[in-house]
Amino acid sequence: MSATEVVANMPLHSATVRVNKHKADWRGWKFMWPFALVFVFVFVIPILYAVYISFFQKQMIGGTRFVGISNYIRLFHDPQFWGSVWRVALFTMVQVPIMLFLSAAMALALDSMKLHGAKFFRITTFLPYAVPAVVSTLVWGFMYGAKYGLVGSLNDWLGTNLDVLSPNVLLAAIGNIVTWEFTGYNMLIFYSSLSTIPHSLYEAASIDGASEWQIIKSIKLPELKGSLAITVIFSIIGSFQLFNEPSILQNMVPGNSITTYYTPNMYAYNLSFAGSQSNYAAALAITMAVITMAIAYAVQLNSMKEQMK
Numbered sequence: 001m002s003a004t005e006v007v008a009n010m011p012l013h014s015a016t017v018r019v020n021k022h023k024a025d026w027r028g029w030k031f032m033w034p035f036a037l038v039f040v041f042v043f044v045i046p047i048l049y050a051v052y053i054s055f056f057q058k059q060m061i062g063g064t065r066f067v068g069i070s071n072y073i074r075l076f077h078d079p080q081f082w083g084s085v086w087r088v089a090l091f092t093m094v095q096v097p098i099m100l101f102l103s104a105a106m107a108l109a110l111d112s113m114k115l116h117g118a119k120f121f122r123i124t125t126f127l128p129y130a131v132p133a134v135v136s137t138l139v140w141g142f143m144y145g146a147k148y149g150l151v152g153s154l155n156d157w158l159g160t161n162l163d164v165l166s167p168n169v170l171l172a173a174i175g176n177i178v179t180w181e182f183t184g185y186n187m188l189i190f191y192s193s194l195s196t197i198p199h200s201l202y203e204a205a206s207i208d209g210a211s212e213w214q215i216i217k218s219i220k221l222p223e224l225k226g227s228l229a230i231t232v233i234f235s236i237i238g239s240f241q242l243f244n245e246p247s248i249l250q251n252m253v254p255g256n257s258i259t260t261y262y263t264p265n266m267y268a269y270n271l272s273f274a275g276s277q278s279n280y281a282a283a284l285a286i287t288m289a290v291i292t293m294a295i296a297y298a299v300q301l302n303s304m305k306e307q308m309k
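Note that the sequence shown covers residues 1 to 309 in the UniProt record's numbering.
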């Protein structure tokens, strides 16, 4: 008997093909729930609590009462808050382009394969990122000292009166510290993008007579657009969260050059822990989060449009 005859003689119910209905598969959540649990308790709940307490106000008489959006209205008319926002915005517009330019230049130098001691160079440029920000600021603060540091020694040697911690150049001095800390980190991001380019493209371009600059302009720089968007977004977020460097330098700077509202984060910290205004500080933190997210989203949207061209 042939196979066709066997199948034809089989009972109808036994020849019926069973179709498994798609059911929800929750096995992936067994791996996700530890992170999801930590994420909810460490990230989501604190944000919701900050939003909640921002609608209240503590009073010496009457205790805590609901005030609606009064804290946000007060923040909108707070010149100290807007002064700190403008200061970090200016810091971002100047420091971020300089830092990313240096990072891209270092990444291109490493990728050129013409740099002697490339491994040593890569490690030394990334090493400042491994140093805690508090330690970095203390080291640079002592170097900036006009009476006891490197700047002071140079003043004695050259007969000058240079003061890097003066109010006029203080923001630039902080920018130098941040640039020293994060240039190597961003350099590795750029270098990772360049490492994905096949070297056969470079060889083909060289055979066609392309110069090193033409290879950089036509092959390497277009490849950096995606990583540039990432580094810009991270740098903007980090700049608007500026806190460690000015707060550490506050005790090293003569006078009152670094005020309690020098940056938004410092302002929120001092309002909450020194001024006992945690509700107003929560409104400030939520407002800064919205501003930062809006700017980061605008940068990301512009980057997506550029990549789609």
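By construction, the Cβ of each residue, glycine as well, lies at the ideal position given by its N, Cα and C atoms.
Within the stretch 236-261, ranges of the alpha helix (DSSP H) (whole runs, at least 4 residues):
The qualifying runs are 244-249.
Cβ shell of Ala-283 (< 7 Å), same chain only, five flanking positions each side left out:
Locating residue 283 in the sequence shown gives position 283, where the first residue counts as 1. Closer than 7 Å at the Cβ level, and outside the excluded window around Ala-283, lie Ser-54, Asn-71, Tyr-72 and Leu-75.
On the DSSP bridge list, what partners appear for Phe-66?
Your numbering for residue 66 matches position 66 in the sequence shown. According to the DSSP secondary-structure assignment, Phe-66 is paired through a beta bridge with Phe-56.
Using a Cβ-Cβ cutoff of less than 8 Å, which residues in the same chain neighbour Met-143 once the five nearest sequence positions on both sides are dropped?
As a first step, residue 143 is located in the sequence shown; it is residue number 143 there, counting from the start. Apart from sequence neighbours up to five positions away, the residues of its chain that approach Met-143 with a beta-carbon distance below 8 Å are Gly-149, Leu-150 and Val-151, ordered along the chain.
For Ala-105, does the count of other Cβ atoms within 10 angstroms reach 16, so buried, or fall short, so exposed?
Here the question's residue 105 lines up with position 105 in the sequence shown. Counting Cβ neighbours within 10 Å, Ala-105 comes out exposed, since fewer than 16 surround it.
Go ahead and pull the three-state DSSP assignment for Ile-197.
Taking the first residue of the sequence shown as position 1, residue 197 is located at position 197. The DSSP-derived three-state label of Ile-197 is coil.
Less than 8 Å between the C-beta atoms of Ser-136 and Ile-177, yes or no?
The residue you call residue 136 lines up with position 136 of the sequence shown. The residue you call residue 177 lines up with position 177 of the sequence shown. Inclusion of Ser-136 and Ile-177 in the CB contact set at 8 Å is warranted, their separation being smaller than that value.
Please report how far the alpha carbon of Trp-180 lies from the alpha carbon of Tyr-49, in whole angstroms.
Translated into positions along the sequence shown, residue 180 becomes position 180. Translated into positions along the sequence shown, residue 49 becomes position 49. Cα to Cα, the separation comes out at about 36 Å.
Okay, do the stretch 203-215 and the stretch 252-261 touch, 3+ Cβ pairs below 8 Å being the bar?
As far as the Cβ criterion goes, the stretch 203-215 does not touch the stretch 252-261, which means the pair count is below three.
Assigned secondary structure, Trp-213 (DSSP; H/G/I helix, E/B strand, else coil)
Position 213 of the sequence shown, counting from 1, holds the residue named residue 213. Note: Trp-213 maps to helix in three-state DSSP.
Mapping the DSSP letters down to three states, classify Val-17 as helix, strand or coil.
Residue mapping note: residue 17 aligns to position 17 of the sequence shown, counting from 1. Because Val-17 sits at a pLDDT of 49, beneath the cut-off of 50, its placement in the model cannot be relied upon, and the point is left open.
Just mark Phe-66 as buried or exposed, buried being the case when its beta carbon has 16 or more other beta carbons within 10 Å.
Numbered from 1 along the sequence shown, position 66 holds the residue referred to as residue 66. Per the 10 Å Cβ criterion, exposed.
Sufficient close CB pairs (3 or more, under 8 Å) joining the stretch 166-173 to the stretch 111-119:
No, the stretch 166-173 does not touch the stretch 111-119.
Of the residues Ile-248, Tyr-267 and Ser-272, the one placed nearest Val-134, counting alpha carbons only
Translated into positions along the sequence shown, residue 134 becomes position 134. Just measuring C-alpha positions, the residue of Ile-248, Tyr-267 and Ser-272 sitting nearest Val-134 is Ile-248.
Of the choices Leu-224, Pro-46 and Ile-69, whose alpha-carbon is the least far from that of Gln-57?
The residue given as residue 57 occupies position 57 in the sequence shown. If we check each option's Cα against that of Gln-57, Ile-69 comes out closest.
To which residues of the same chain is Tyr-185 closer than 6 Å at the C-beta, ignoring the five residues directly before and after it?
Taking the first residue of the sequence shown as position 1, residue 185 is located at position 185. Listed in chain order, the non-local C-beta contacts of Tyr-185 below 6 Å within the same chain comprise Tyr-129, local neighbours out to five positions each way being set aside.
My output table needs one value for Leu-221: the three-state DSSP class, helix, strand or coil.
Here the question's residue 221 lines up with position 221 in the sequence shown. Leu-221 falls in the helix class under three-state DSSP.
What beta strand (DSSP E) runs, 3 residues minimum, are completely inside the stretch 103-138?
DSSP assignment within the stretch 103-138 yields no whole beta strand (DSSP E) run of 3 residues or more.
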